[in-house]
Structures are given as structure tokens and as C-alpha cells.
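Structure first, then comments.
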Amino acid sequence: MAPSLRAILQNLSSLLPHLLTIQTPITNNILTTPPTTYESLSGAPKCPIDGSGQNACCHVYPSGRLLLTQFWDDTVHVGGAEEDWTVHGLWPDSCDESYKAFYGMTPQFDNITDILKYYGQDDLLASMERYWVAA
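Straight run, no breaks: the sequence shown in the UniProt record's numbering ends on number 135.
Here it is as C-alpha cells:
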């Protein structure tokens with residue numbers, strides 16, 4: 001079985017303390033503090049900036065950050081296999097421990113299959129038909 005995304009990120013984050021000191025050529029300052037890793041459900045830090053953050057590169061406007069949720073069902077779905085998992089959602093967090101639970105159910109495009117076929121995205125279409133089964 002392939003490693004999970006969580007296992008990969010944990011392995012990568014364990015390398016951070018071992019990184020050599022980095023000097024920036026512009027300011028000649030030394031970066032000695034490695035970035036903090038995000039640990040879910042452990043009092044993780046709130047959004048990194050105050051204010052609207054419209055022009056900040058690390059801020060998702062109008063929210064604050066995105067939560068990627070994996071979904072691993074305990075039963076095999078139609079067309080799937082026991083080792084399959086899918087992304088449940090990519091949810092914006094409003095930086096106040098709330099999020100918008102529902103968005104408009106009207107699709108912005110109603111001909112996705114035709115669009116993907118037109119651009120020769122047969123592999124993507126096959127993957128979507130396997131994993132994104134309409135309920």
C-alpha cells in the first residue's frame with residue numbers, strides 16, 4: 001500500500017530541524033528558526049495575519065486558510081478498491097473557528113464531460129468517473 005499523505009508530510013516535517021542554516025543573499029540575515037508544522041487538533045495557530053489580507057500571499061481571501069479533508073470509507077464504493085481514498089473537500093476556514101458549510105448547488109458548468117473530451121482529457125475523465133460517483 002502506498003504511504004498516506006499524512007505519513008509523507010510527517011516524514012518531511014521531521015527533516016526541518018536538520019536543515020542547515022540558510023543565508024539570504026539580499027539581507028545577509030541568517031534564518032535559524034525552522035517553520036512550525038501544522039498539527040491538527042492540537043491548538044494549531046490561528047490565521048497568520050490580521051486584517052483583510054486581500055493582498056497577502058499566504059492568506060486565502062476572504063477566508064484565512066484551507067482545510068484539506070481526506071475520506072477513507074470503511075466499505076468499498078462502486079468501482080473502487082480497498083486501498084482507494086478520495087479528497088472529501090477543500091474547505092475555507094474563516095479564522096474564527098467557523099466555515100461556510102454549504103455553497104450553491106447549481107453547477108457553474110453543466111457539460112464537464114464534453115469539455116474534458118474536447119480537450120483530450122480521457123484519463124482525467126476516467127478517474128473522475130471512478131472516484132467522483134454521483135450520489
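All C-beta atoms in this analysis are idealised placements derived from N, C-alpha and C, irrespective of residue type, glycine included.
query, result
"Just the C-alpha distance for Gln121 and Gln108, rounded to the nearest angstrom, thanks.", "19 Å"
"Ignore the nearest five residues each way along the sequence and tell me which others in Thr106's own chain have a CB closer than 7 Å to its CB.", "none"
"Measuring only the C-alpha atoms, how far is Leu125 from Ser98?", "34 Å"
"Can you give the Cα-Cα distance for Asp123 and Tyr131, rounded to whole angstroms?", "12 Å"
"Put Tyr131 into one of helix, strand or coil per three-state DSSP.", "helix"
"Excluding the five sequence neighbours on either side, which residues of its own chain have a C-beta within less than 7 Å of the C-beta of Leu116, listed in chain order?", "Leu124 and Leu125"
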